[in-house]
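To start, the structure itself, in structure tokens.
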Amino acid sequence: MKIEVIHADRNQLEKAYKSVMGPHFRLLTMVASDEKELGIDRFKLRYFFAVGDNRVLVLETVVPEEDPSFSSLAELLPAAAWYEREAYDLFGTRPVGHPDLRSLILHDDFPEGVYPLRKDFPLDQIEPRSGNGVFSYPRVEGEGVFEIPVGPIHAGVIEPGHFRFQVMGDTIFHLEARLFYTHRGMEKRSEGMDVMEGSLLAEQLCGVCSVSHALSYAQAVEQIAGLTIPERALYIRSLLAEMERLYNHVGDIGNICAGIGFAFGSNHGARLKETLMQLNARIFNHRYLRGMIIPGGVLRDLTSEQLNEISRISLDVAFKIQQIIHDILENNIALDRYRKTGILKEDIAEQFAVVGPAARASNIDMDARKDFPHAAYQELQFEVPVLEDGDVLARFLIRAVESTQSAKLIRQIIEKIPKGDIRIPLGELPAYQYGIGITESPRGENVHFVMTGLNNTIYRYRVRSASYANWPAVPTAVPGNIVPDFPLINKSFELCYSCCDR
Amino acid sequence: MFFVLKQLWKYGIGTMPLQDLRSNSTTLDTPTPDITTAVHPKLDVVNDLDQLLEKAPGLIKKIFGRSLHIRHLDSGSSNACEWEINALLNPVYDVQRFGIDFVASPRHADMLLVTGGVTRNLEEAVRKTFEAVPSPKLVVAIGDDACGIGLIGRTYAHYGGVDQIIPVNVYVPGAPPSPIEILNGILKAVEQTQ
């Protein structure tokens, strides 16, 4: 991965962005950091763009402590809106010209003028509630228009988030999603941790994308160290990533059926997912494949019997799920509910820099496995499925195709896997260097930014999960649909809250 | 109708027999590699699946009449615990056959399953949910962070333990605990009411 850096004045950011902007620019992430320790006054903002051909362009600027304002890119680049709001919440850097500066991460009872991610704020200090903040929700008003508040504690076994629907009859006019209820301050927690220990934290970011997060983190650290990882470790990493994709996609196919109360699909999805989880527990001693990927390689080797068992069971499950998908698609009720529901238009998906199956279902040809080849994907044969419709059915079908593909990739990996070492020591890392790790999780592209401090510690860690990139686009797919379709639309995106909120 | 019959013929009906679950028990019982090696003083974990499956229906019937209603409460977990609780409802474990069910409102619940170490943003919701549960309130903390032994601990946005906010009856550690361990924790809490 090639990284090029452009420095711009904080008041000229928009101009700088316009002058370098190319046709295939996509915002990967924006990282704010407090770099007073490095002799910089005081905050540094870095916008990372994917510009094609495995290249990354960094637009960076310095924001002083006295007047922490900079010209916002959000009007020009809607994808940047959340990142700038987040930096305003956590660091106090004020984006001038930002259309929506309501609080995002710290909810309204957090005292004003307190910025927890600044280096001088202690990690474990819980601020008293201020009680005077109010969060304003945009309203649709008129005769017959009602508001339905839902959450943060939901009726099912799911994660917390607050949704407000403005409806007339059953039709939704507007949806406002309030997230970050599970914000745990994990980025602050990581600061000062040993880089090897940070890998454990990366795994705990998200339950069901543990492999992908650990891999992104490991890649970022390895980029700083300039390491070349042994081939066998790269293949095992790809194997883990595909096993994770397979169990997630199989479970999600079932879950989409649960969104319409179609017990046949949801039960078979859950049953097959459980088969894979038990396989994970047998081979890796952990149902969510944690404890395998570390910076420098992988922790344990696999025997050929174990590899064969993985290959056999995953192919078997992929075959069975195809039969079930076939039956689901023969059901007219299911098809009626999936088709033309929750359409995410291509231009909106592009503006919000949507990633993963949601992007591929909206005619955007992107996959981090091809765009930023990592692990062993460079040497594996596979195709990226792309569909045009952008509805629930398209997202369902993308997962259907990818689950078969994952099983085939697992077989390919096992046929090709070379012999040799599985890890190399990390050694001493240079201080105050940063690296980024990009991987494709089952939900899309994960981007991790890691900056080292002194003595192999973490100075700043910023996680942009696939869910963080996709959440802003979800409310745009909802208006025009009926309220009972919202769970279905939500499940077809299948986003986590925990790795979004951190 | 034909469609349903075709499916039944193809895939069969019913849940996995107990026999199969038992034969898998060696793998299910293998402890997950613990990220934190600390042992919580209040833990009392027995993982005998046979015993669990035999005692579950009797125990619940004796104490709650016919059913145990559970309300899940996410107080800031990593999502893994949610999926493990969901797995309890899948056709392999299918806890509904013991009369255990998950309900939509805390007002219908006998027990709260709390996952996560209570974030600042969810503290109020946790308190309100706990208040809404009718007495006697049973609370089971699921996962390392909920038990207060997690990696994240106390930060500016995270209290690091359910017992900092509401009283807890049973702690189920693990990152995440397996469905069997969660079921064990649920039954432990039921036993406590005897």
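First to last, the protein sequences are chains A and B.
According to my numbering, the stretch in the first sequence is residues 25 to 526, in order.
According to my numbering, the stretch in the second sequence is residues 192 to 385, in order.
Ideal Cβ placement from N, Cα and C applies to all residues, glycine included.
Here the structure is a predicted model, which means the values were calculated and not measured.
What does residue i touch in chain C if you count any residue whose Cβ is under 7 Å from its own?
i	result
B/G267	Among the chains of the structure shown, chain C does not appear; the protein chains present are A and B.
Under a three-way DSSP split, which group does residue i fall into?
i	result
A/S338	helix
A/M344	The sequence shown places Lys at residue 344 of chain A, rather than the Met named in the question. DSSP places A/K344 in helix when its eight states are reduced to three.
A/K443	coil
A/K143	coil
B/K246	helix
A/Y492	helix
A/L52	strand
A/Y41	helix
A/E136	coil
A/A358	helix
A/I30	strand
A/G321	strand
A/P499	helix
A/V75	coil
A/G175	coil
B/P367	coil
B/D225	In this prediction, B/D225 scores a pLDDT of 36, lower than 50, which makes its location untrustworthy; the coordinate-derived value is nonetheless stated afterwards. In this structure, B/D225 counts as coil in the three-state DSSP scheme.
A/C523	helix
A/S93	strand
A/V219	helix
A/M316	coil
A/Q190	strand
A/N304	helix
B/S296	coil
Could you pull out every residue in the same chain whose Cβ sits closer than 7 Å to the Cβ of residue i, ignoring the five residues on either side in sequence?
i	result
A/R423	H273, D276, I277 and P381
A/H207	I129, D525 and R526
B/I373	E275, I276, L279, I333 and V363
A/V24	Because chain A in this structure spans residues 25 to 526, residue 24 of chain A falls outside the shown range and cannot be described.
A/K48	Just to set this straight, residue 48 of chain A is His in the shown sequence, not Lys. Counting only Cβ-Cβ distances below 7 Å, and skipping sequence neighbours, we find V75 and G76.
Cα-Cα, which of the options is closest to residue i?
i	options	result
A/F73	A/G321, A/F67 and A/E84	A/E84
B/L259	B/A278, B/N270 and B/L304	B/L304
A/A431	A/F94, A/A104, A/V164 and A/L270	A/L270
A/G216	A/M475, A/I388 and A/A400	A/M475
A/S234	A/N304, A/R153, A/P152 and A/V498	A/N304
B/S269	B/G308, B/K246 and B/A316	B/G308
A/R295	A/I345, A/V29 and A/R311	A/I345
A/I27	A/M390, A/A56, A/L52 and A/G293	A/L52
B/F321	B/D354, B/G341 and B/Y350	B/D354
A/Q375	A/A493, A/R361, A/V341 and A/I337	A/A493
A/I506	A/A111, A/T195, A/F170 and A/P454	A/T195
A/N35	A/D415, A/L69 and A/H48	A/L69
B/A316	B/D285, B/P368 and B/G267	B/G267
A/A373	A/L203, A/N387, A/A282 and A/G116	A/N387
A/A490	A/P123, A/G137, A/E464 and A/N479	A/E464
Inspect the beta-carbon positions of residue i and residue j and report whether they are closer than 9 Å.
i	j	result
A/G46	A/D395	no
A/E89	A/R126	no
A/K467	A/L519	The question names Lys, but residue 467 of chain A in the sequence shown is Arg. Yes. Within cutoff.
A/G289	A/P449	no
A/L263	A/I438	yes
B/Y347	A/P140	yes
A/R419	A/S516	yes
B/L378	B/A278	no
A/I482	A/V471	no
A/L81	A/I280	no
A/E151	A/S95	no
B/I386	B/V294	Missing from the structure shown is residue 386 of chain B; chain B here goes from 192 to 385 and no further.
B/R311	B/H349	yes
A/G209	B/I343	yes
A/G451	A/F473	no
A/R109	A/F159	no
Identify, in the order they occur along the chain, each residue of the same chain with its Cβ nearer than 8 Å to the Cβ of residue i, setting aside the five sequence neighbours on each side.
i	result
B/V298	One point to set straight first is that residue 298 of chain B is Arg, not Val, in the sequence displayed. Taken in chain order, the residues that qualify are A323, V324 and P325.
A/G155	D133
A/E211	L141, R484, Y485, R486, V487 and R526
A/Q302	R311
Give every residue of the same chain whose Cβ lies closer than 6 Å to the Cβ of residue i, excluding the five residues on either side of it in the sequence, and list them in chain order.
i	result
B/P232	Note that B/P232 has pLDDT 36, beneath the 50 cutoff, so the model's placement of it is unreliable and no number is given.
A/D509	T365
A/E200	Y161 and R188
| field | Stretch pair the stretch 236-249 of chain A + the stretch 171-181 of chain A: three plus CB contacts closer than 8 Å | value | no
| said: With a threshold of 8 Å, are at least 3 pairs of Cβ atoms found where one atom belongs to the stretch 382-391 of chain A and the other to the stretch 319-334 of chain A? | reply: no
| Quick check: the stretch 217-237 of chain A against the stretch 399-411 of chain A, are there 3 or more CB pairs under 8 Å? | no
| Using 8 Å as the Cβ pair cut-off and three pairs as the minimum, do the stretch 368-375 of chain A and the stretch 490-510 of chain A touch? | yes
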